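S.K.: Under the UniProt record's numbering, the first residue of the sequence shown carries the number 1, and numbering increases by one thereafter.
One structure is given below, represented as structure tokens, and several questions about it will come after.
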Amino acid sequence: MAGELVGGAFLSAFLQVAFDRLASREIVDYVQGRKLKEGLLKKLKITLLSINQLLDDAEEKQIRNPNVKEWLHELKDAVFDAEDLLDDIATEYELEMTTSKVRKFFTNASLTQFDKEIEQRIGEVLDNLEHLAKQKDVLGLTEGIGVGAGVGGKLTKRMPTTSLLDESSVYGRDDDKEAIMKLLLSDDVRGSQPPVISIVGMGGMGKTTLAQLVYNHQKVKDHFVLKAWVCISEEFDVINMTKTILEALNVSINDSNNLNLLQHKLKEKLDEKKFLLVLDDVWNQNSTCWELFWTPFNYGAQGSKILVTTRSEKVAKVMHSVPLYHLHQLCREESWKLFVHNAFRNTDPSAYPYLEVIGRNIVDKCEGLPLAIKTLGGMLYAKFSEEEWGKILKSDIWDLSDDESNIIPALSLSYHYLPSSLKRCFAYCSIFPKDYEFNKKELVHLWMAEGLLPQSKKSKRMEEVGEEYFQNLASMSFFQLSDDGGCFVMHDLLNDLAKSVAGDFYFRLEGDCIQDIPQETRHLSFSRSFSDSFVRFKPICNCNRLRSFIALDRSMLYGYLPSKLIHDLIPTLKCMRVLSFSGYIEISELPDSIGNLKHLRYLNLCNTGIRKLPDSICMLHNLQTLKLTGCWSLTELPSDMQKLVNLRHLEFTYFQIRYMPLHMGKLKHLLTLTAFYVGKSSETGINQLGQLSQLQDTLSILQLQNVVDPMEALEANLKNREYLKKLELVWNGNNEDSQKERDVLERLQPYKNLKILTVKGYGGTRFPEWIGDCSSLPNIVHLELTNSKYCLSLPTIGQLPSLKELSISSFDGIEVIGPEFYGNSTLSITPPFRSLETLKFEGMVSWEKWYCFQGENETAGVFACLQEIQIKNCPRLTEHLPPYLPSLRKLMIFGCQQLMVPFPRVPSLCVLQLGTCEKMWRLEEVLLTNTTCLEELFISDSDSLGPQWPKWGFSNNSLRTLFIQHCDSLLSLSLDLFPNLHKLELSSCENLETLSASEGLEKLQELKLIHLKNLKSLPEHMNTNLSALQFLRLQNCPQLESFPVGGIPSNLSDIFIMNCPKLVACRMEWGLQHALCSLRYFSIVGDDTESFPEEGLLPDNIRTLRISGFPNLKSIDYKGLLHLKSLETLSISHCPSLLCFPDEALPKSLSSLEIMRCPLLKKRCEKEKGEDWHKIAHIPHILI
């Protein structure tokens, strides 16, 4: 019922759209230029105004009177029709004004067919509205003046939200925080699974806030090695959740949906690390799903914890939570403090004593629920009228029982008293499913397309108005930042509120099942699935007044949609304003009929297979936003783009497009243009950019070699583009006229607000002075100069005050980097590159010397903030490196064969990567004197190691990761001198024979030995000396004969063996079945056996078995599988002779079966038809 009440408030808000349209220039001019029946539009406005006066009373009375509720529903439908009618008039007027018919428009005395149809429709809409207005007496509705925040409500200026949790805004949770902290930091004696701690409480109680408090606490940061925060959706999916966690831990997943592979990666990441995982807002009660989900988390170190927030105690128990922590309401005084914080902000509440009594009563009605208190307080901020506060206190909404509404009354009130402009925008958000993360800019564009953002009278862009609306809703807690801070979400209760507000006019198509779509639906959204059928969308055919059709991306990158749907659907969507087919990769074309959608303002074809846009798309006079990013097959834009005079945002994957349409400068309203390709004619030349005066954010200008006259570059007027933040200038790299290219670049100087600049393929011999001038680029943060192969000197950029990232590559003519690079120190008291954090040089084939800054020493402050240096493929570089880099954490040098200089002092170095540097330093000396903090060492293509490395007398206690490849001089490697090593990878060291570890390496967890053709043995006693080893990969080690005496470490969980024929030949001597109680994953590639696996080979606790590259394998030995009671995934690939599965049953525990490149077996396992199908039909997931 509360939802119906706020739904009425939504109607009063939407009437304002109709009033704004009636007063618009287009409608007024149309009425003046046509002789319609006298006073029709005026009568329509009067009728709408009279109905508006009834809405306040109707919104209140519908709570008790179902007839009033039905009246409001019919009225919503009628108002939508009225708005469609007015939009038709405005569109027709604008089309007339852009053609030669404009004079006839004002002089033609007779009505056109369109005018007659409009006249008839106005009459129909008016009759309907008048009929509804006449029912006021029967329904007992009385006229009022409107609520203060309704149609005439004012919008208060509110502070923007931040990405950090402000602990000062949290009240009454100190004891709860300490209790959870104690549970998280306790030393537990863990079982097979890390302890799960569940915070349980009703929606809006502050569970997420409490979890954020402890998650961000410094003690928690210090206690756990890894932390990840994940929001769980109601539609729980093990694969998608595992992918989300991997992404939160910065692990690449490459769009894989293979659960075994994903869990294997997650296990690798968590292995023996103390982690904290927060699962926020859990709903799923399926214990089987959770058991499958938990598997990788069992490998973390003792002390790892999982923190869960949920509304359901049953969910917490299914997750084996010990203990459950019940979060309760705030006490009366803490509730008041929270309310004061949000309602008064920086204002002293004692200045308004008359409001305290009302305010405390309002707070009491919130019953200690933080979300309700915070939302109502935010809504009342800066409103100090006793009457306004009193209206909220006395509202009938408070009297609704829990049985009457699932919407908390306080939240309903917070919506009810919003300004009308914000009501409309919030209601639109009902298109988003729960937990959906939405982008601020994207939502503003959708609001704009739906006509919810008025043209500001103060010369503000609609986007700026939308930004203000968004910030206001966010500041009142209607929107919250997502976990990663990049997007926004709505709390579940506010999502329920939005859905209730919008009613049947907004519909979310959820799940794959067929749903009835109400005929009055105007806005439809749906979560894209992998393969959507025509049947799923068939009910849309009944919704001929649909305005929005939006595909939402939840977890799947791509989906498939029948082309029949597109061709059948588009012609019926005459009222369509927003159309999104984003992510449907099979959409390669659109029908010409899309040009008939004259109201369309937003078209999203991102990540589709579209090859060419129909020419008719240029008939979309109202189009504001066209999104084509990720359309890899699209190579050109329609030739008549100039006709899209209302286009504001054009986004596309620019390196697929090769030229621009003619006269792009006519798109005067364009704000977003991904790229501009310069043509040689005036219709496509750089002068067209000069007419696009509103461009903002990011712009790439390509094919600058086509500028005929350098003076034309001035016409681009970049120096006055104050809203541009990122600029890319690109030539083709062929120096046809060096002076001309310098003159062009000289005239492309951007506005001083620019933060990111990239220059590619520039053919001049020198750069213009503005690139290094402090006054020209005072705010530049990132500078990239690449492929300027004719340039003889670098620009003077050392004095740029804000520069943090500098990348220079492929400057073939640079031989020396000297004083000019740093700038004139005599003119500045500040050291050069004072803010620089990352410096990269690559592909500098002629570069020989790097001279240090004059007077550079440990007190000079040059490169004082530099954290990373990369120097790659500079084969002639001999000297020098900066002598002192106090903040450097990563040094990478590759392909610098002549470099032979003193190693710099780098007291903070953590990562050292060296490769193909024949004359580089003796590593022992470097590691002994400079790298007490070194954690990662990568060595490639180096003969400096010698036959034995490291030498005795050297040791490094800080090193965690060691990677050595292509070091053919290395004969033996001793690991004893790296006692804290966690990871070791040796690859393609052709002469390496021995690998020793006479003392225990108690922390080594991962060992990879790859392409070591002369390695004969593994370290002796590795079962005890490498006791922590969990991951072992042996690949292409043909001389390796056996595991050492004593076997392999018992803690191994993953073994991968590939093309080690001598080792595999004696596999029955490995003793895996009895020695490896922790083994979960076993992969073997390459053997000549005809039957596998042998009985007794594998331990019974293995969960994943992969068999690949067995050319002679004819049968799977069921005796080798019979005892594998925990086997979940079986993968068989590249076994061309394998004919069939054994007649005996495969393990019942199998949940996933993969068969690849096994032609004989594949045929027998065809679904429903193959001879072996009955043997595998019980397995849930089969990939063949």
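Where a beta carbon is used, it is the ideal one built from N, C-alpha and C, also for glycine.
Quick caveat, the model's predicted, so the values are computed rather than measured.
1. Quick check for students: name the residue ranges of the beta strand (DSSP E) that lie wholly in the stretch 858-886, counting only runs of 3 or more.
2. So which of Cys1060, Gly1120 and Asn1112 has the shortest CA-CA distance to leucine 1072?
3. Should arginine 648 be labelled buried (16 or more other beta-carbon atoms within 10 Å of its own) or exposed?
4. Pull up the distance between the alpha-carbon of arginine 121 and that of alanine 502, whole angstroms please.
5. Going by CA-CA distance only, name the one from Leu307, Lys434, Ile180 and Ala474 that's closest to proline 195.
6. Between the Cα of alanine 343 and the Cα atoms of Glu1069, Glu367 and Met379, which residue gives the shortest distance?
7. Between the C-alpha atoms of asparagine 250 and isoleucine 1182, what's the straight-line distance to the nearest angstrom?
8. Evaluate the contact criterion for the stretch 1104-1118 versus the stretch 1137-1155: three or more CB pairs, one atom per stretch, below 8 Å.
9. Identify whether alanine 23 lies in helix, strand or coil by the three-state DSSP scheme.
10. Could you name the residues of the same chain whose beta carbon sits closer than 6 Å to that of glycine 368, not counting the 5 residues immediately before and after it, in chain order?
11. So, for asparagine 406: in the same chain, excluding its five sequence neighbours on each side, which residues have a beta-carbon less than 7 Å away from its beta-carbon?
12. Let me know the secondary structure DSSP gives histidine 1074 once reduced to three states.
13. Determine which residues share a DSSP beta bridge with serine 1053 and list them.
14. Quick check: the Cα distance between cysteine 853 and asparagine 732, rounded to an integer number of angstroms?
15. For histidine 1181, report the span of its beta strand (DSSP E) as first-last.
16. What is the rounded straight-line gap between the Cα of tryptophan 290 and the Cα of valine 238?
17. Along the alpha helix (DSSP H) that carries arginine 360, what are the first and last residues, could you check?
18. Strictly by DSSP, which residues pair up with glutamine 965?
19. In angstroms, rounded to a whole number, what distance separates the CA positions of lysine 740 and valine 444?
20. Quick check on DSSP: helix, strand or coil for serine 1108?
21. Taking just the CA atoms, how far does histidine 599 sit from glycine 153?
22. Taking only three categories from DSSP, how would you classify residue 1191?
23. Among Glu130, Gln218, Phe894 and Pro902, which has the Cα closest to the Cα of leucine 912?
24. Which residue comes first and which comes last in the alpha helix (DSSP H) that contains methionine 181?
25. Compare the C-alpha of leucine 1015 against each of Thr994, Met1022 and Val278 and name the closest.
26. Alpha carbon to alpha carbon, how far is leucine 422 from tyrosine 469?
27. Could you say if the stretch 833-842 and the stretch 868-876 meet the contact criterion of at least three C-beta pairs nearer than 8 Å?
28. Between the beta-carbon of glycine 300 and the beta-carbon of lysine 317, is there less than 8 Å?
29. From the DSSP output, which residues share a beta bridge with lysine 227?
30. Among the candidates His567, Ser525, Ile566 and Asp492, whose CA atom is the shortest distance from the CA of alanine 551?
31. In the structure shown, what three-state DSSP assignment does serine 321 receive?
32. In whole angstroms, what is the alpha-carbon distance linking proline 1093 and alanine 228?
33. Can you grab the Cα-Cα spacing for the pair leucine 48 / aspartate 81, in whole Å?
34. Using DSSP with H/G/I as helix, E/B as strand and the rest coil, what is aspartate 403?
35. Can you tell me which residues form a DSSP beta bridge with tryptophan 850?
36. Less than 8 Å separating the beta-carbons of leucine 1146 and leucine 1160?
M.R.: So, to answer that:
1. 868-872
2. Gly1120
3. buried
4. Computed Cα separation, rounded: 25 Å.
5. Leu307
6. Met379
7. 29 Å
8. yes
9. Here alanine 23 sits in coil by DSSP.
10. Gln329, Leu330 and Ser335
11. Confidence at asparagine 406 is low in this model, with a pLDDT of 49, below 50, so the placement of that residue is unreliable and no value is reported for it.
12. helix
13. Looking at the DSSP output, serine 1053 bridges to nothing.
14. Per the sequence shown, the amino acid found at residue 853 is phenylalanine instead of cysteine. Cα to Cα, phenylalanine 853 sits roughly 33 Å from asparagine 732.
15. 1181-1183
16. Computed Cα separation, rounded: 8 Å.
17. 353-365
18. Ser940 and Ser987.
19. 42 Å
20. strand
21. In this prediction, glycine 153 has a pLDDT of 43, which is less than 50 and means its spatial position is unreliable; nothing more can be read from the coordinates.
22. With the chain represented from 1 up to 1184, any question about residue 1191 goes unanswered, as that position is not in the structure.
23. Phe894
24. 174-185
25. Thr994
26. 6 Å
27. yes
28. The answer is no: Cβ separation not under 8 Å.
29. Answer is Leu276, bridged to lysine 227.
30. It is Ser525.
31. strand
32. C-alpha separation (whole angstroms): 39 Å.
33. 13 Å
34. Confidence at aspartate 403 is low in this model, with a pLDDT of 41, below 50, so the placement of that residue is unreliable and no value is reported for it.
35. DSSP output for tryptophan 850 lists Ile817 as bridge partner(s).
36. no
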